Amino acid sequence: MGEFYRQRYVAAGVLPATGCPAAGTLFAWADTDQRTRATGGALLNGLAPGCGLSAGFLADAGDGAADDPLFDAIGSGLGALDVDLARCGMLDAIGGSIDAVRERLKPQLAALGKVLGCCGVSLCREATGKPQCAFEDLPLAIEIKHKGRKVGLSGPLDYASGIIEVFRLEYGEGMPPGGGGLGTAWRSGRHSRPARPPQGEIRCRRACSIHRTARRVATAQSDPRRVGARDRRRTGRSGAAACKTDSPGRP
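So for the sequence shown, this note's numbering puts the first residue at 24; every next one is plus one.
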């Protein structure tokens, strides 16, 4: 990707065709996880090969030990999530009823349950109080998580979203179709992803610091490594959020 952008920036006169860019004119700032820091370094290496540039990151956070407010205003505590508004937004995105979504996606969830060999006695007893259950019938709800900093699904839709993403990443890496239930499901085309409801508003607000900082940097108003007091504002909207639903989502 860095090489691609290098070609474009050289053609536009932003980067020199040979040699390294002038000091201080090219940098990358990465989130705290090791993989994102490595991605930032790889991007810079493609943009300016052999120039020894490395991506900056929130050094005192360690390897994902803390959230960088530039990338996650809510997780870092810089902003606050309006949980009522977020919950209502999720319900609106799925038509107002979790039960209706479960029924619509029941065939896909049942197929995934067969691939996974779900569900064992211990899981069934914990989730339903019964010794036997089906993956598609596990309790499903909208929950407030991480001390009010996140709103998300719990139950089969939440599990399915992550599991199917792993399957897609495996095949994206060129791994051959597996045997057994997974191979059969993939070859038959029954791998539609039971995706999470869109959370564009939440994601936008989590990344609000990136947008504001990028705008300031573009207009030479601030250093991208400084996210200070003037960024500290409530993430969400004031006032009670009212939504009508028959879902079992918990407040």
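Beta carbons: idealized from backbone N, C-alpha and C, even for Gly.
Owing to the predicted nature of the structure, the values given are computational and were not obtained by experimental measurement.
Considering only DSSP beta bridges, list what Ser177 is partnered with.
BP columns for Ser177 point to Ala164.
Roughly how many angstroms separate the alpha carbons of Ile22 and Leu135, rounded to a whole number?
With the chain covering 24 to 274 only, the question about residue 22 has no answer from this structure.
Would the beta-carbon of Ala3 fall within 9 Å of that of Gly64?
Residue 3 lies beyond the stretch modelled for the chain, which goes from 24 to 274, so this question has no answer here.
Would Gln89 and Ile97 be called neighbours here (beta carbons separated by less than 9 Å)?
Checking the displayed sequence, the identity of residue 89 turns out to be Ala instead of Gln. Not closer than 9 Å, so no.
For the 8 Å Cβ check, are there 3 or more pairs between the segment 133 to 149 and the segment 112 to 122?
Because the criterion of three Cβ pairs below 8 Å is not met, the segment 133 to 149 and the segment 112 to 122 do not touch.
Output the distance between the C-alpha atoms of Lys173 and Asp181, rounded to the nearest integer angstrom.
When rounded, the distance between both Cα atoms is 14 Å.
Below 8 Å on the Cβ atoms is my guess for Gly25 versus Leu70; work out the distance and round it to an integer in Å.
5 Å
Starting from the N-terminal side, write out each stretch of the beta strand (DSSP E) that is 3 residues or longer and does not extend beyond the segment 73 to 121.
none
Could you tell me the boundaries of the alpha helix (DSSP H) in which Lys129 lies?
From DSSP, the alpha helix (DSSP H) with Lys129 extends over Lys129 to Leu139.
Limits of the unbroken alpha helix (DSSP H) element including Glu149
Val144 to Thr151
Quick check: what's the CA-CA separation for Tyr152 versus Leu176?
The residue you asked about is not Tyr; residue 152 is Gly in the sequence shown. Each residue's Cα considered, the two are about 20 Å apart.
Just reading off the alpha helix (DSSP H) that Ala61 is part of, what are its end residues?
For Ala61, the enclosing alpha helix (DSSP H) starts and ends at Gln57 to Leu70.
Considering only the beta carbon of each residue, do Pro92 and Arg29 sit closer than 9 Å?
no
Tell me, to the nearest whole angstrom, how far the beta carbon of Val106 is from that of Ile167; I am working on the premise that it is less than 8 Å.
Indeed they touch by this definition, with Cβ atoms about 5 Å apart.
For Ala45 and Ser99, the rounded distance between their alpha carbons
33 Å
Starting from Glu26, trace the alpha helix (DSSP H) both ways and give me its first and last residue.
Gly25 to Ala34
Using 10 angstroms around the beta-carbon of Gln57, count the other beta-carbons present and answer buried if the total reaches 16, otherwise exposed.
exposed
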